[in-house]
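Input: a single structure, listed below in structure tokens.
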Ligand code: 6R9
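Numbering (the working numbering), first residue to last: 2 to 682.
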């Protein structure tokens, strides 16, 4: 694929720019046209099939068996985990508008930390479990399974010494340092329920979460380090704890060694706590349905929900999806760039890979520090085979041009993955061609905090790839597309995405508010879990996620998915990112207010504004002609890279005095600049 402009290129004279633009345009047009005709297919290559765990026929058989003989299927798959007391019962499910009960393997017992560590000691004790890569390229550390065992056991004994016991909630507020994985596994070892909060969240978000789950213990660090900057974690924690009267102990990991304030009797240095602890710590025997963790996720309304996951089913599902979807082999070096404070980090940095005895990379930094080649350098240095990231990061790096990528070889790569939001086909193609040198399949994995693991994704070797489509359901997953009245749409069609059969990794409740769990996910469509997402199923049975259902804008009576319009914007050679929201419009009902971020070096002016309106109109149709284009250097995003359209809607509607909670934003200062530059409607 012809290059998008790099910074240096973009700075060159206009004549060159025009030339580059000419080079790009026909290609993009071709891509869009092909996608429209559903023709853009990346055919499964023979070498992918050769190395894959399944081929087309095997996938189809396994999928249909898993649906039809669901209990037998999960009975068998449950064996991938080491149980203390094996299960006899498989599932016990009640899915209705009034009552929801989800239990898997309910008479079995196990320990999640023992599954991630102890069971590998026999044959893999010297294998690297975690490669920690620091923010500073010189900072790096390899932790073997044996070392991980010792560190986790010491930490677990330390936590026990403080009085923490089975069932207690422990909040962890750390950036990506090894102690984050160590303390979460230590909690699991003693049966405490961890609640991890992104190391970028504010004091208010912390206190809200600590109080909601009545956590009496918090683990943090003096400071965090990201992109060459420090984050005052302890200071933020101190501020949060002023409104958390029930917190008894604050355990502090030393990361930078800079001075921090201290509350005598409450604060404890992590190093002091574990100094004299034994490297032996008997794992607590947990029932399969005992809670493993709580993870807060914000919805469009109300306070964040404490999504609760339990032990047995979650471990089976995380381990299984990690193996099958990433086509994981025992010698692979695997890297998921997510933060552990996000569900992707829980399932696909820690629990899934470690349960499978993998070598998993934990990266403290950001993709653009010290320069925008950092990720690709890490891939070369550690010979990464499987790489999993988010579309928002792909788009940001694409914005920097091909040069930083091309400086590296990336020849160790075998498979690429994405998660978090719909990936626009242009970013998909760049990822495929530029990053993967057209030799790695891409798995576009659709799932949610609530689902515990991936539900819809291609399976390498078993199906062709369609850029922008999350493809097909995983084993045992039964998606169902319904219209707004709940009527099931069979075959090809578009509507709301539900899942009509439980799977082991599913969340069990909203912590402390089971009614909210029922109301949020089960009250709309009887007997089905409603995901909140819209989806299309094409004639080949591929799923295309169209975004959150509340992201649909009705213009002159026609439904327009924001993802579709945004994808059209991003296909323009000058555009890096876009977010589209609706605003009340006298004639059309809703108008389209479009926030657009340009590639580095591009200038916004009236000509470009006109160009972009025509461009989108041409890609989608007159109905989708943008009403307002607001050029903005950044968009309000959560730390996991999701655009907060709720805030953008308020700014568009000139209701910026009612923005609501903005504490979960990665960079809250973006909001003020958007408000200051708002366009009149
Ligand atoms: C894992 C995670 C869940 C929401 C989900 C959907 C969006 C995630 C996606 C995707 C299209 C994909 N989403 N993966 N949309 N294609 N491959 O992201 O969890 O933070 O809870 O977000 O993210 O809208 O409903 P979470």
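Cβ coordinates follow ideal geometry from the N, Cα and C atoms, glycine included. As the structure is a computational prediction, the values presented were derived from the model and not from experiment.
Should residue 420 be counted as a contact of the ligand 6R9 given a C-beta to heavy atom distance under 8 Å? Taking the chain shown and counting its residues from 1, the one referred to as residue 420 is at position 419. Yes - the ligand 6R9 has a heavy atom lying nearer than 8 Å to the Cβ of residue 420.
Classify residue 607 as buried or exposed, calling it buried when 16 or more other Cβ atoms lie within 10 Å of its own Cβ. Walking along the chain shown from the start, residue 607 turns up at place 606. Burial call: exposed.
Anyone know if the C-beta pair for residue 396 and residue 217 falls short of 9 Å? Residue 396 sits at position 395 when you count from the first residue of the chain shown. Residue 217 sits at position 216 when you count from the first residue of the chain shown. Not closer than 9 Å, so no.
Comparing C-alpha positions only, which one of 199, 238 and 494 sits nearest to residue 535? Within the chain shown, residue 535 is the residue found at index 534, counting from 1. Considering only alpha carbons, the answer is 494.
Select from 472, 497 and 469 the residue whose C-alpha is nearest the C-alpha of residue 482. For the purposes of this step, residue 482 is taken as the residue at position 481 of the chain shown. Per the C-alpha coordinates, the member of 472, 497 and 469 positioned closest to residue 482 is 497.
Would you decide whether residue 631 is buried or exposed? Buried here means 16 or more other CB atoms lie within 10 Å of its CB. Taking the first residue of the chain shown as position 1, residue 631 is located at position 630. Per the 10 Å Cβ criterion, buried.
Segment limits, alpha helix (DSSP H) that includes residue 316: Stepping through the chain shown from its first residue, residue 316 is reached at position 315. Run containing residue 316: 313-326, per the alpha helix (DSSP H) assignment.
For residue 555 versus residue 582, is the C-beta distance shorter than 9 Å? For this step, residue 555 is matched to residue 554 along the chain shown. For this step, residue 582 is matched to residue 581 along the chain shown. Taking the C-beta atoms as reference points, residue 582 is found no nearer than 9 Å to residue 555.
Is the beta carbon of residue 505 sitting closer than 9 Å to the one on residue 92? Against the chain shown, residue 505 aligns to sequence position 504. Against the chain shown, residue 92 aligns to sequence position 91. Their beta carbons are under 9 Å apart, which means residue 505 touches residue 92 by this criterion.
Just to confirm, is the Cβ distance from residue 601 to residue 400 under 9 Å? For this step, residue 601 is matched to residue 600 along the chain shown. For this step, residue 400 is matched to residue 399 along the chain shown. Taking 9 Å as the Cβ cut-off, residue 601 and residue 400 qualify as a contacting pair.
Taking the beta carbon of residue 402 as the centre, do at least 16 other beta carbons fall within 10 Å, making it buried, or is it exposed? Residue 402 sits at position 401 when you count from the first residue of the chain shown. Within 10 angstroms of the beta-carbon of residue 402 lie 16 or more other beta-carbons, which makes it buried.
Could you pull out every residue in the same chain whose Cβ sits closer than 6 Å to the Cβ of residue 156, ignoring the five residues on either side in sequence? Here residue 156 corresponds to residue number 155 of the chain shown, with the count starting at 1. The residues are 183, 184, 187 and 275.
With a threshold of 16 other CB atoms inside 10 Å of the CB of residue 16, please say whether the residue is buried or exposed. Here the question's residue 16 lines up with position 15 in the chain shown. For residue 16, the predicted model reports a pLDDT of 39, less than 50, meaning its position is unreliable; a value from the coordinates is still stated below. Looking at its Cβ environment, which holds fewer than 16 other Cβ atoms inside 10 Å, residue 16 is exposed.
Residue 351 lies in the alpha helix (DSSP H); which residues open and close that run? Stepping through the chain shown from its first residue, residue 351 is reached at position 350. First-last for residue 351: undefined, no H or E at that position.
Quick one: is residue 52 buried, meaning 16 or more other Cβ sit within 10 Å of its Cβ, or exposed? Numbered from 1 along the chain shown, position 51 holds the residue referred to as residue 52. Looking at its Cβ environment, which holds fewer than 16 other Cβ atoms inside 10 Å, residue 52 is exposed.
Give me the Cβ distance between residue 196 and residue 170, rounded to the nearest whole Å; I'm assuming they're in contact under 8 Å. For this step, residue 196 is matched to residue 195 along the chain shown. For this step, residue 170 is matched to residue 169 along the chain shown. 6 Å between Cβ atoms; contact.
Suppose you measure from the CA of residue 315 to the CA of residue 511; what does that come to, to the nearest Å? Here residue 315 is taken as the residue at index 314 of the chain shown, counted from 1. Here residue 511 is taken as the residue at index 510 of the chain shown, counted from 1. Those two C-alpha atoms are separated by around 16 Å.
By the 10 Å Cβ neighbour count, where 16 or more other Cβ atoms means buried, how is residue 215 classified, buried or exposed? Position 214 of the chain shown, counted from the first residue, corresponds to residue 215. The Cβ neighbour count for residue 215, taken over all protein chains shown within 10 Å, is under 16; the residue is labelled exposed.
I want to check one thing, is the minimum distance from the CB of residue 622 to the heavy atoms of the ligand 6R9 below 8 Å? Position 621 of the chain shown, counted from the first residue, corresponds to residue 622. Every heavy atom of the ligand 6R9 is 8 Å or more from the Cβ of residue 622, so no.
Hey, would you say residue 470 sits closer than 9 Å to residue 545, going by beta carbons? Reading the chain shown from its first residue, position 469 is the one you call residue 470. Reading the chain shown from its first residue, position 544 is the one you call residue 545. In terms of Cβ geometry, residue 470 and residue 545 form a close pair [threshold 9 Å].
Boundaries (first-last residue) of the beta strand (DSSP E) holding residue 649: Position 648 of the chain shown, counting from 1, holds the residue named residue 649. In the DSSP assignment, residue 649 falls outside any beta strand (DSSP E) and within the unbroken alpha helix (DSSP H) covering 646-653.
Close beta carbons around residue 532, own chain, < 7 Å, minus the five adjacent residues each side: Position 531 of the chain shown holds residue 532. Cβ within range, chain order: 449, 498, 499 and 500.
State the Cα-Cα distance for the pair residue 30 and residue 620, rounded to the nearest angstrom. By 1-based counting over the chain shown, the position of residue 30 is 29. By 1-based counting over the chain shown, the position of residue 620 is 619. Legend: pLDDT at residue 30 = 48, less than 50; position of this residue unreliable, no value from coordinates given.
Nonlocal neighbours in the same chain, by C-beta distance under 6 Å from residue 322, ignoring five residues either side: Within the chain shown, the letter at position 321 stands for residue 322. Contacts found: 454 and 455.
6 Å CB neighbourhood of residue 133 in its chain, flanking five on each side removed: For this step, residue 133 is matched to residue 132 along the chain shown. 142, 179 and 363, listed in sequence order.
Since residue 387 and residue 333 should fall inside the 8 Å C-beta cutoff, what is the C-beta to C-beta distance between them, to a whole number of angstroms? Within the chain shown, numbered from 1, the residue matching residue 387 stands at position 386. Within the chain shown, numbered from 1, the residue matching residue 333 stands at position 332. Contact flag correct, Cβ pair sits at about 6 Å.
Please identify the residue among 639, 286, 612 and 605 whose C-alpha is closest to the C-alpha of residue 626. The sequence position of residue 626 within the chain shown is 625, counting from 1. It is 612 whose Cα lies nearest to the Cα of residue 626.
Figure out for me which residue from 81, 647, 108 and 421 has the closest Cα to the Cα of residue 120. By one-based count along the chain shown, residue 120 stands at place 119. Ranking 81, 647, 108 and 421 by Cα distance to residue 120 puts 81 first.
Cβ of residue 198 less than 9 Å from any chain C Cβ? Structure shown: chain C not included; a single protein chain is present.
In chain order, which continuous runs of the alpha helix (DSSP H) of length 4 or greater are located wholly inside the segment 554-637? If we require 4 residues or more, the alpha helix (DSSP H) runs fully inside the segment 554-637 come out as 563-571 and 607-621.
Just checking my contact of residue 201 with residue 667 at CB under 8 Å: how many whole Å lie between their CB atoms? Here residue 201 corresponds to residue number 200 of the chain shown, with the count starting at 1. Here residue 667 corresponds to residue number 666 of the chain shown, with the count starting at 1. Indeed, because the Cβ distance is near 6 Å, the residues count as touching under 8 Å.
Among 585, 312 and 561, the one whose alpha carbon lies nearest that of residue 104: The residue given as residue 104 occupies position 103 in the chain shown. Nearest option by C-alpha distance: 312.
Does residue 115 come out as helix, strand or coil in the three-state DSSP assignment? Indexing the chain shown from 1 puts residue 115 at position 114. Three-state result, residue 115: helix.
Buried or exposed by the 16-neighbour rule on C-beta atoms within 10 Å, applied to residue 150: Counting from 1 along the chain shown, the entry for residue 150 is found at position 149. Its Cβ being crowded by 16 or more others within 10 Å, residue 150 is buried.
Kindly list the residues whose CB is nearer than 7 Å to the CB of residue 116, restricted to its own chain and excluding five residues on each side of it in sequence; keep chain order. As a working mapping, residue 116 is identified with position 115 in the chain shown. Counting only Cβ-Cβ distances below 7 Å, and skipping sequence neighbours, we find 82, 83, 316 and 356.
Tell me, please, whether the segment 651-665 touches the segment 582-592 by the rule of three or more beta-carbon pairs shorter than 8 Å. Contact between the segment 651-665 and the segment 582-592 is present, with at least three C-beta pairs closer than 8 Å.
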